[in-house]
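The sequence shown begins at 526 in my numbering and counts up one residue at a time.
C-beta: ideal position from N, C-alpha, C; glycine also.
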Amino acid sequence: MKNKFTEALKIVVLFNLLLLGYSIINPRIHIPLPGGKDTLDIKFPSFRELTEIKVIEENKKAEDLIGKYLENGKNDEAQTGDAAEENQLLINKAVKGKRPLDNFFRALESAGGSRTLRIAHYGDSQIEGDRITQLLRGKFQQKFGGSGIGYVPLADITNHVTITRTSSKNWIRYTVFSNKYGGDKYALSGMMFRFSKAVTVDDEDSTDAVEESPEKEEVNPDEKPAEEVPDTSGQGEGTVAPGADTTSLNLSGVKKEFVKTGKKQKQEIRNSARHNAEKKNIKEEQDANGSGGTVNPPVNNIFLPLTELFKQDDSTKVKKKTLYFDKASVEIRIPPGVSYSRLGLMYGKVPDDCKIEIYDYSKRKKIYSGSLTESRGFNIMYFDLPRMPDNFRIDFKADKSPDLYGLMFEGGGGIQVDNYGIRGHAGIGLELIDPDYLAMQYRQLNTKLLILQYGANAAPYVKSEKTLKEITEMYEKLFRTIRKVAPDISVLVIGPGDMSLNKGGRYIALPYQSRLKNAIKKAAEDNGCAFFDTYEMMGGENSILTWSSKGLSAKDGHFLGKGQEILSKQVFDALMAEFEKYKERKN
């Protein structure tokens, strides 16, 4: 009996050794499933993954800080005095007698006139749909005046947290991160929109912007952002926790995928799913703007839905739905408590006259009719309206779509904070915008502060000294480029917070997160930018577990409702503390 047990044990040990050896040689196994369409994928952990794992532990410092933030949050003025005495989260070091935020503070002193002073808030899904931005905007407008919500994209892959926007399905959304349009005349937001006359989608598709499907439910700030398009390359070495941005970067092959040596700039990588969507969209736009057949216009009634025709795809037997349009539309509903006094449109090249009509749903009548005439540069049009509607639709009609950038909901003077969030964007796409064109937009809009909130998308891929160095160089180049484009505009870099990674059902700490934060901080300081330390604000290493356990963030690092409030208050209070120091130095 003992011999049989020994033999069985030997077989088990031998089998495990063989399995271990095979996993080193071929860490991925693809087993075809019946039917031939799907496969069962098995991935063995690498030796590095096994040795690098650092299970998250509790963080007492984070616990104490959260208690302090929540207590101080009961009184908006409570922490401003403390921050003025000891402002360790915001770095605003003097270089040759001048500090990075001085230009912004100088403009802030004169805020309140008839001309609006603008703050541009750039970021990824941490801020998309006006998350965090709307909280900062509220604080600035309460203290310095102003109204409205600033820039609103014509369509997006997520809903807006402040207003309700419904876009017709024939919008094509281009960004500097994905679905690039081939030119460099983007809006300062990094986006550009065109519309087509016909779009073919799957019957069940509910796409508002052709690039990707947005969530249809209302955005809840207590929920983490929707998941990114997953990495289908099969090369990633782990998956970001649900809801995180996935830029599909495999930095173990960084020279081939993330940094293209010999190119003009470093480029973010699209995964195969996003790349296929991009090719499809380009083809649709070419078909729409060419002479590709006749278009059956819908019934000429502004309150009827767009015409929908159905076709059968004989090759795949998948039912398709072809949508025909004689216009592109955006419906906006403004909630109570949000006021604005001017409605504007940002746009670029206009190859052909484009008719614009605005319909007030509450009055059930047309309140504006005009047009965009041929143009090649950056423009802002403000509509002459009898009243600012809170429930309306704006229609665009043209044989060939102009380059449209977005709507602007403005107040008279004071402060405006514009949200320029693009999901998955690590920031470097801004380098694709023509620098002169970008600088011109900043001047025309009177932008005096740029807030760059990036770093989270690159964090999960920093797994070696090599990739840390390369990503550091990437941000050094980005900050250097921005400072060159806008030398008289202050720049505040909000660094990445603590994050965790989901590996095999376990959340583990990112081993290079602290060093990445320090590298971005140094790159900001070296290029004349101020820096806000989100990582230390949270409590440092392993603080993410405490924040997520209290419902302040998701484990992937996305701040939820109350966590967003804490971050926005800490940033604003730190800025106001520095503003007081600036006034003291000046006097």
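With fewer than three CB-CB distances shorter than 8 Å, the region 957-975 does not count as touching the region 662-673. Looking at the backbone, the Cα of Ala-712 and that of Gly-546 are separated by about 53 Å. Cβ-Cβ distances below 8 Å link His-646 to Ile-652, Ile-657, Thr-658, Leu-661, Val-942, Asp-943, Asn-944, Tyr-945, Gly-946, Ile-976, Gln-978 in the same chain, with the five nearest sequence neighbours on each side left out; the list follows chain order.
DSSP places Gln-666 within a helical segment (H, G or I) once states are collapsed to three.
Each of Ala-1099, Met-717, Asn-628 was checked against the Cα of Gly-931, and the nearest Cα belongs to Met-717. The Cβ neighbour count for Gln-667, taken over all protein chains shown within 10 Å, is under 16; the residue is labelled exposed.
DSSP places Gln-978 within a strand segment (E or B) once states are collapsed to three. Across the structure, Ile-859 and Leu-1041 are spaced so that their CA atoms are roughly 40 Å apart. Val-1096 sits in a helix when the DSSP states are folded into three classes. The C-beta distance from Pro-914 to Ile-892 rounds to 7 Å, short enough to meet the 8 Å contact threshold. Spanning the alpha carbons of Gly-954 and Lys-1002 requires a straight line of approximately 12 Å. For the set Lys-1046, Asp-1023, Ile-883, the Cα lying nearest the Cα of Pro-1036 is the one of Asp-1023.
The beta carbons of Gly-654 and Thr-683 sit closer together than 7 Å. In the assembly as shown, Asn-541 is an exposed residue. Its beta-carbon has fewer than 16 other beta-carbons within 10 Å. Exclusion of the five residues before and after Glu-1050 leaves Ile-616, Lys-618, Phe-1056 as the residues of its chain whose Cβ lies within less than 8 Å of its Cβ. In this structure, the straight-line span from the alpha carbon of Asp-928 to that of Lys-722 is close to 15 Å. Between Ile-996 and Leu-595, the alpha-carbon positions lie close to 34 Å from each other.
By the Cβ criterion, the region 678-693 is not in contact with the region 895-903, since fewer than three pairs of Cβ atoms, one from each stretch, lie closer than 8 Å.
In the DSSP annotation of this structure, the continuous segment of the beta strand (DSSP E) that includes Ile-674 starts and ends at 673-677. Per DSSP, Gly-895 is one residue of the beta strand (DSSP E) stretching across 890-897.
Taking the Cα of Ala-964 as reference, the smallest distance to any Cα among Met-1063, Lys-1106, Arg-1008 is reached at Arg-1008.
Within its own chain, the residues whose Cβ lies closer than 7 Å to the Cβ of Gly-637, once the five positions on either side in sequence are excluded, are Phe-669, Gly-670, Gly-938, Gly-939, listed in chain order. A direct Cα-to-Cα measurement between Lys-1080 and Gln-1089 gives close to 14 Å.
Apart from sequence neighbours up to five positions away, the residues of its chain that approach Ala-981 with a beta-carbon distance below 7 Å are Asp-649, Gln-651, Asp-770, Pro-1021, Met-1024, Gly-1082, ordered along the chain. A check of alpha carbon separations from Ser-703 across Lys-874, Leu-1077, Ala-951 identifies Ala-951 as the nearest. Phe-629 is a Cβ neighbour of Ser-1015, given a cutoff of 7 Å.
The C-alpha of Glu-856 lies about 39 Å from the C-alpha of Asn-1027. DSSP places Lys-585 inside the alpha helix (DSSP H), whose first and last residues are 585-597. Shown here, Asn-904 sits in a strand according to DSSP, grouped into three states. At a Cβ-Cβ threshold of 7 Å, Lys-925 and Lys-852 do not count as neighbours.
Judged by their CB atoms, Asp-709 and Leu-957 are nearer to each other than the 7 Å cut-off.
Here DSSP, grouped into helix, strand and coil, assigns Pro-985 to helix. DSSP lists Asn-944, Ile-976 as the beta-bridge partner residues of His-646. Per DSSP, reduced to three states, the secondary structure at Tyr-1037 is coil, with no helix or strand assignment. Each residue's CA atom was taken as its position, placing Asp-1098 and Gly-1064 some 18 Å apart. Tyr-699 and Tyr-907 have their C-alpha atoms spaced approximately 24 Å apart.
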